[in-house]
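These protein sequence lines are chains F and Y, in that order.
Residue numbers for the first sequence follow the working numbering, beginning at 8 and rising by one.
Residue numbers for the second sequence follow the working numbering, beginning at 876 and rising by one.
Where a beta carbon is used, it is the ideal one built from N, C-alpha and C, also for glycine.
Working notes, structure below.
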Amino acid sequence: MIPGLHEWMKRLRALFYKQRMDREMAEELEFHQALLREKLLRQGVPQLEVDLATRRAFGNASRWQERLRELWQFKTLENFCRDLGFSARLLSKSPGFTAVAILTLAIGVGANTAVFSLVNALLLRPLPVPHAEQLVVLRMDENGPQPNYAFCTPFFRGLEQRRDIFEDVFAFNGDTFQVQGRSGNENIPAMLVSGQFFQALETPPLLGRYLTPQDDQPGGSPAGLAIVISEDFWNNWFNRAPDVVGRKMVIANTPFTVVGVMPKRFIGADPTQRPMIFAPLSADPITDAPRDHISAGIHAWWITVVARLQPGVTLDQTNARLLTISRPILHQTASDASYIADEEKAHFHFVAEPGSRGYTYVRSLFRKPLVAMFAMCGGILLLGCLNLASLLTARGAARERELATRLAMGATRRRLMQQLLTESLLIVFLGTVCGVVAASMVSHSLAALLLRGNSFIQNNQVDTSVDLRVFSFAAIIAIVSTMLIGLVPALQATSGNLSDHIKHGQHASQPHELRKLLAPVLLASEVALTMMLVVGAGLLATSVVRLFKSGVGFDPKGLINIAFSMDKQQLEGDALMRRYQQLGEELSHQPGVRSVSFQFIVPLSHRHWTGLYSAPGESPHTLNMNSVAPNYFETMRVPLYLGREFGWNDTRASGLKMILNQSAAKLLFPGRDALGQLVMNAREKTSYQVVAVVGDTKYQDLREPATPGAYVPIMQDPQEKPSLSAVVRIDGPQAPLAGAVHELSSRMAPAIPAPVLTTMDDVLDASVSAERMMALLSVFFAGCSLLVTGIGLYGTLAYATARRTNEIGIRMALGARRAAVMAMVFRENAAIAAVGSLAGLIAAILASRTLASFLYDTSPRDPWVLVTSLAALAAIAVTATLLPALRAARIEPMAAIRYE
Amino acid sequence: MEDKSETGELIQGTLEMLILKALIRGPMHGYGVAEWIQQTSQQVLKVEEGALYPALHRLELRGVLKAEWGTSENNRRAKFYRLTAEGKKRLNAESQRWMRLSAAVAFVMQAS
């Protein structure tokens, strides 16, 4: 055994058998003494001298014990336990200080851990599959500004046929399936996956088998169309039936056979999706009917491609091989010669990048806000630490005499530092525990807030559970905070001249210049940091408010969208239009409904449809398109400048009609009246008659000004089975409407899944969810930091003033007025606050440029925000300072002088 | 405090070696170790109790000795110390070192 370890174990044992050890030591010595005595007696020494001689040989018994015990002691551990007990007693004696300290840290640590667990879930955690480090995500580089991760089917199939590049390569696309349940069709989150998906992810199924390349054929394997379901779905839909393998499920009116169940830990290659059903990629024309991404060839960029590297082949080697096959694949699979020429000119090639964390679109969306939030949280923690450091410095100053006495009694400086650091450690430990507990709750709702109702990223989930990485992160920040909080006050409290401290005690009259500066510098930097956070929060909040106020061209208040999925039911064409018309009429009779219309694209929902149109004989322009029902502009409250709304009799037979918005009218017919003019579709050579000009509305992005757009009637929509959203303007709450809609749809369209209701406000919220979340959080953080700073300013000054009670008493006894005393105390913090805010303001102005990309219509130096922040900080500082100042003014001179 | 013994004050390292030597003959209690050293050295080396017990405990802590409670020759409970394998190795090394050292000191002292 290693000698050191042996000793360590024995000492550890001794710690638990302390009393027994003591007893045994005494017994051993007694035995020795007895034998010695017997020997002396045998030698004929008189009894009296025998006792004397043994006592001389042994000396003081307790000193003996002490010496032997010291040998066995586990010094560091025992000291640590003693320090811990002492610190706990000390902290429980000042519950106010302790509560503030723990709360401050809990906020800091909690915020950091919460955000880190989000960062971890979205950006760091590898996929829960074996050897995730061998996975790569593929992209296409075309000299464009942004790498392109969305592949088309032909490119992917080209890669899939090359067995020499990757061990396995697969494609997937998150989707929603219409599954036939007991009460009609239901929408279920699902994923289309290519043949090698499961074998590449190397996770064995819980039951049955997984999908193989044989399943990924049009029409499925010879045994028919196969699907694999998740364990959750097996629980909820099949009640964990053991005979689930082989059962049939009807998806999009087509029977599929369940061939296997995947275990709960398996989530596929997108960490934010939880598909319930996995179906072969080739089944897309069935599940997505009437759309067909596979026949669309190089015009449908819809799948993500991930691969597993061949064993022993590096990423660089793989990329070199990919480079050589990029052009052949382009030539083999693309049929359009001009497209090939364009891509070749752009040096089109495939690139593999590390993909152990899988691929999720959400990542690119939230990376920037998350990193910014992380920085803010770091700021909060730093603030908390500064705050506690200055509070502890103040406390340490009050304990100068105690520490000096202990030093004089022979305690080493190291030992005292140990004790003071133990105290900080205890505070940090308690704070961290509170923080981590809070964080695990907060991060969950944070993730929900992040992903809430964003129509673009439906059904997404983020697993923010605390794993080893989050835990280590919390531990590291705890250790760093202990150092930050404890080291400076401990060093300061134990330095300096011993006898001075003992002589002067709490009234050390001439503190060292450096030490005198420390607390103010800490506090001032705290104020500066808070100033930065408050300015940042102010800017973000102002920007979001302006974004909402900027106007969208319609009135979103009281508007509700009801999405009907009509793409897989029987009705089509004019019959379907009549059904929509009936639905609209029924809806308009519901209580509280003022008007009803239909639209194909919900504005600002990130969906879009563009077309190339021109005035006769002119060059074409790109217009944002939508197809809408009669009464649309009235329902949306979009101004109708010229002409009329569409009517139900604007059918395909009655000639193509179009409504332009003002920008489009100006673009196509500059200086002319657009009403009654013809507009040509550049591709299909069809012509439309302009029947109205309406106001501009924002189409895809709230942040950008309205774009030129055009509307066609839904009755003339080229799609056979368009899935439209009803847009309903209501008075009052939406709850009664929801019930009525369900009843209505099960009566009038029993084949479709339950319609989904969203308010237009939610759509707007979701379209700026990143900005909104950042603004909300930063306002919350700024509030926290204001509170923390206020506590810091108050606490430090209150301590300092308490220490000066005696001095203030003398001043007052000598005739100082209460107002003068108050001013004297007030001045101390006023200077700190002023210097801190000024420094913070300058730093904020310098740093705010990094925020510029998040700001809408708001200058990073917006004077209104800067002034308000300054005022908020000043108000907090004054309040925090006034309380100790008032208390100082109320000091009774006689009582104060007698004090001590 | 304890008075410095006039005869046979032992430096620590040497005492430890002597203890190991005493115990090579078999397990023994502290008093026995002291007596044996004193008798074998013809009463020249006197082992101080104040040095003996800390040394015994230190050696036990290092795993050179192992302590067990047993019954003494006069039927009393006593703590017996025994050499471990590690202790035997240690004694070997120590005695060789001592031989070399004392021979060297003798050479120097005999030089004219």
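So which residues of chain F does residue i contact, with C-beta pairs closer than 8 Å?
| i | result |
| --- | --- |
| K954 (chain Y) | E31, E34, E35, F38 |
Sorted by chain position, which residues of the same chain lie with C-beta nearer than 8 Å to residue i's C-beta, five sequence neighbours on each side aside?
| i | result |
| --- | --- |
| L75 (chain F) | M32 |
| I464 (chain F) | Caution is warranted here: a pLDDT of 46 is assigned to I464 (chain F), below 50, making its placement in the model unreliable, and no coordinate value can be reported. |
| E85 (chain F) | L22 |
Name the chain Y residues whose beta carbon is nearer than 9 Å to that of residue i?
| i | result |
| --- | --- |
| K25 (chain F) | Per Cβ cutoff of 9 Å: no residues; K25 (chain F) is ~15 Å from chain Y at best. |
| R96 (chain F) | What R96 (chain F) touches in chain Y: nothing, since even the nearest Cβ is about 32 Å away. |
Figure out for me which residue from the options has the closest Cα to the Cα of residue i.
| i | options | result |
| --- | --- | --- |
| H749 (chain F) | F:Q597, F:M416, F:T888 | F:Q597 |
| V126 (chain F) | F:P376, F:Y801, F:P623 | F:P376 |
| H451 (chain F) | F:F478, F:T183, F:V770, F:V122 | F:V122 |
| M147 (chain F) | F:F158, F:P137, F:V52, F:K255 | F:F158 |
| P137 (chain F) | F:P211, F:R189, F:A118 | F:P211 |
| L611 (chain F) | F:L84, F:G558, F:P627 | F:G558 |
| F688 (chain F) | F:V444, F:V313, F:S785, F:T629 | Here residue 688 (chain F) turns out to be Asn, not Phe, going by the sequence shown. Measuring from the Cα of N688 (chain F), the nearest candidate turns out to be F:T629. |
| L199 (chain F) | F:V312, F:P152, F:A113 | F:V312 |
| M573 (chain F) | F:A481, F:V116, F:M755, F:V603 | F:M755 |
| L862 (chain F) | F:A745, F:N243, F:E711 | F:E711 |
| S124 (chain F) | F:A197, F:R254, F:G442, F:A178 | F:G442 |
So which residues on chain Y does residue i lean against when the C-beta distance must stay under 8 Å?
| i | result |
| --- | --- |
| W79 (chain F) | H932, L936 |
| L75 (chain F) | Y928, P929, H932 |
Given this structure, state the Cα-to-Cα distance separating residue i from residue j, to the nearest angstrom.
| i | j | result |
| --- | --- | --- |
| A887 (chain F) | G797 (chain F) | 5 Å |
| E45 (chain F) | G417 (chain F) | 42 Å |
| L936 (chain Y) | R18 (chain F) | 8 Å |
| A960 (chain Y) | L78 (chain F) | 23 Å |
| F833 (chain F) | D90 (chain F) | 37 Å |
| Q723 (chain F) | G565 (chain F) | 28 Å |
| P282 (chain F) | P762 (chain F) | 21 Å |
| Q80 (chain F) | T889 (chain Y) | 25 Å |
| E407 (chain F) | F65 (chain F) | 41 Å |
| T946 (chain Y) | G403 (chain F) | 57 Å |
| R868 (chain F) | V551 (chain F) | 16 Å |
| Q588 (chain F) | L744 (chain F) | 18 Å |
| R960 (chain F) | V358 (chain F) | Look at the range of chain F in this structure, 8 to 907, and you will see that residue 960 (chain F) is not part of it. |
| G883 (chain Y) | I434 (chain F) | Low confidence applies here, because G883 (chain Y) scores a pLDDT of 47, under 50, leaving its location unreliable; read the following figure in that light. For G883 (chain Y) and I434 (chain F), the distance between alpha carbons rounds to 56 Å. |
| A535 (chain F) | L395 (chain F) | 16 Å |
Using the beta-carbon of each residue, which ones in chain C are nearer than 9 Å to residue i?
| i | result |
| --- | --- |
| P902 (chain Y) | Although the question refers to chain C, the structure presented lacks it and instead comprises the protein chains F and Y. |
Anything in chain F within Cβ reach of residue i, meaning under 7 Å, just list it in chain order.
| i | result |
| --- | --- |
| N951 (chain Y) | The sequence given here places Arg at residue 951 (chain Y); Asn does not occur at that position. Chain F residues near R951 (chain Y): F38. |
| E924 (chain Y) | H39, A64, F65 |
Among residues of its own chain, excluding the 5 on either side of residue i, which ones have a beta-carbon nearer than 7 Å to its beta-carbon?
| i | result |
| --- | --- |
| E350 (chain F) | E149, L337 |
| A805 (chain F) | P891 |
| L647 (chain F) | F640, A699, V701 |
| L330 (chain F) | H356 |
| D58 (chain F) | none |
| G215 (chain F) | V252, V266, G267, V268 |
| G580 (chain F) | E727 |
| R601 (chain F) | R736, I737, D738 |
| R952 (chain Y) | W944, T946 |
Identify the contact partners of residue i in chain Y, using a Cβ-Cβ distance below 7 Å as the criterion.
| i | result |
| --- | --- |
| E238 (chain F) | Within chain Y, no residue comes near E238 (chain F); the closest Cβ sits about 54 Å away, beyond 7 Å. |
| K17 (chain F) | L936 |
| H138 (chain F) | In chain order: nothing, as chain Y lies at least about 45 Å away. |
| H13 (chain F) | G938 |
| L42 (chain F) | Y906 |
Please list, in chain order, all residues of the same chain as residue i whose beta carbon is under 6 Å from its beta carbon, the five residues on each side excluded.
| i | result |
| --- | --- |
| S516 (chain F) | Reliability fails at S516 (chain F), whose pLDDT of 45 lies under 50, so the model's placement of it is uncertain and the value that follows must be treated cautiously. Cβ neighbours of S516 (chain F) beyond the five flanking positions: none. |
| Q513 (chain F) | Low local confidence applies: a pLDDT of 48 at Q513 (chain F) is under 50, so the model's placement there is unreliable, with the coordinate-based value given in what follows. Taken in chain order, the residues that qualify are R810. |
| P135 (chain F) | R272 |
| E174 (chain F) | R315, Q317 |
| A128 (chain F) | V469, D470, T471 |
| L893 (chain Y) | I912 |
| A758 (chain F) | Q576 |
Which residues in chain F sit within 9 Å of residue i, going by Cβ to Cβ distance?
| i | result |
| --- | --- |
| G905 (chain Y) | E35, L36, F38, H39 |
Does any heavy atom of the ligand COA sit closer than 7 Å to the C-beta of residue i?
| i | result |
| --- | --- |
| I484 (chain F) | Ligands are entirely absent from the displayed structure, and the ligand COA is therefore not among its contents. |
Residue i and residue j look like a contact to me (Cβ under 8 Å); what is the Cβ gap, rounded to whole Å?
| i | j | result |
| --- | --- | --- |
| A717 (chain F) | T704 (chain F) | Not confirmed; about 12 Å, so no contact. |
| V116 (chain F) | I608 (chain F) | Incorrect: roughly 45 Å between the Cβ atoms, too far for contact. |
| G304 (chain F) | P133 (chain F) | Actually they are not in contact, since the Cβ atoms of G304 (chain F) and P133 (chain F) sit about 34 Å apart, beyond 8 Å. |
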